[in-house]
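To start, the structure under review is shown below, and the notes come after it.
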Amino acid sequence: LPGEAVPGPLAGKRVLVTSGPTHEPIDPVRYIANRSSGAQGTAVAAALRDLGAEVRFVTGPADTPPPEGVTVIPVESAAEMLAAVEKALPVDAAVFAAAVADWRVASASSSKIKKDGGGPPALALAENPDILKTVSHLADGRRPSLVVGFAAETDDVVTLATAKRLRKGCDWIVANDVRPETGIMGGAENAVTLITADGAETWPRAPKAEVARRLAARIAAAFAPAMEA
Ligand code: CTP
Ligand code: CA
């Protein structure tokens, strides 16, 4: 009927999306971070929302504002992101689009480090928890039934991303080529290969919103009841 809301294919499904960079403090004024605008993760969250999902959006300090109509959970560091993700569970599906810093400063200084003439400080680093791997290995019941990672690579994208899917234990990996000459990092478009247990599927280069809609549609299809024979 006109004006009546049609329930989307993901109505009633809870979906978690991580997005943006994480910031790992060095001292109160300095940090280590990955390059990430948050554009692709934000677009994925919006596309899932448009299909009717209840979206929990865990975002680091990104340039792109979060979408309307989702639950926004802002975080700074990888440790905070992991805690927020664990708190947002259980969900039906989880998409890990965040560019999580792999390392943090082992002991961040609570006061500003000064240039005291003694030369640059030696920063000891510690490895951050792997959020995607942690969630992929949760026991049945806690583990989302569909876990999707991203893989940003500069060389041999499909081979590395295929290995990464197995190493992480996730169901799908969305691999993108982030060589500077592609203009994808910080750009409006993305060119991705979706890697599943069935193989690799390269999608045409398209605006990030279009890539997000395609991914959301695939997620909806994965949850659709199997068609009668
Ligand atoms: N990821 C995560 N937690 C981390 C590191 C990565 O959840 N501490 C997630 C990212 O959100 C992404 C996927 O893992 O979905 C792959 O991230 P990537 O940086 O490509 O993989 P790494 O395993 O960190 O490998 P490397 O950076 O060495 O290529
Ligand atoms: Ca990494």
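In terms of full-length UniProt numbering, the numbers along the sequence shown are unbroken and rise by one, the last being 417. Idealized CB from N, CA, C, for every residue including glycine.
Own chain residues within Cβ distance below 6 angstroms of residue i, not counting five before or after
| i | result |
| --- | --- |
| serine 297 | Asp215 |
| threonine 259 | Arg244 |
| lysine 396 | Ala227, Gln228, Ala231 and Asn378 |
| threonine 252 | Ser225, Gly226, Ala227 and Thr230 |
| arginine 353 | Ile361 and Ile383 |
Any non-hydrogen atom of ligand 1 within 7 angstroms of residue i CB
| i | result |
| --- | --- |
| asparagine 316 | yes |
| lysine 352 | yes |
| glycine 208 | no |
| lysine 356 | yes |
Any non-hydrogen atom of ligand 2 closer than 7 angstroms to residue i Cβ
| i | result |
| --- | --- |
| aspartate 290 | yes |
Range covered by the alpha helix (DSSP H) that runs through residue i
| i | result |
| --- | --- |
| isoleucine 407 | 396-411 |
| aspartate 238 | 227-238 |
| isoleucine 383 | First-last for isoleucine 383: 380-384, but that is the beta strand (DSSP E), not the alpha helix (DSSP H). |
| leucine 311 | Run containing leucine 311: none; DSSP gives neither H nor E here. |
Span of the beta strand (DSSP E) around residue i
| i | result |
| --- | --- |
| isoleucine 301 | Isoleucine 301 -> no beta strand (DSSP E), and no H or E assigned at all. |
| isoleucine 372 | That residue, isoleucine 372, is in no beta strand (DSSP E); it is neither H nor E in DSSP. |
Inter-residue Cα distance where the pair is residue i and residue j
| i | j | result |
| --- | --- | --- |
| serine 207 | proline 317 | 16 angstroms |
| isoleucine 319 | glutamate 192 | 40 angstroms |
| phenylalanine 411 | leucine 198 | 8 angstroms |
| alanine 286 | isoleucine 261 | 13 angstroms |
| alanine 241 | alanine 271 | 22 angstroms |
| leucine 403 | alanine 310 | 43 angstroms |
| residue 419 | alanine 327 | Summary: the structure shown does not reach residue 419, with the chain confined to residues 189 through 417, and so no result is reported for it. |
Chain-order list of residues whose beta-carbon lies under 7 angstroms from that of residue i (same chain, five-residue window excluded)
| i | result |
| --- | --- |
| valine 279 | Arg202, Val203, Leu204, Arg244 and Pro332 |
CB-CB length for residue i against residue j, believed under 8 angstroms
| i | j | result |
| --- | --- | --- |
| glycine 357 | lysine 321 | 6 angstroms |
Min CB distance residue i to chain C below 8 angstroms
| i | result |
| --- | --- |
| alanine 296 | As a matter of chain content, chain C is missing from the structure shown, which is built from one protein chain. |
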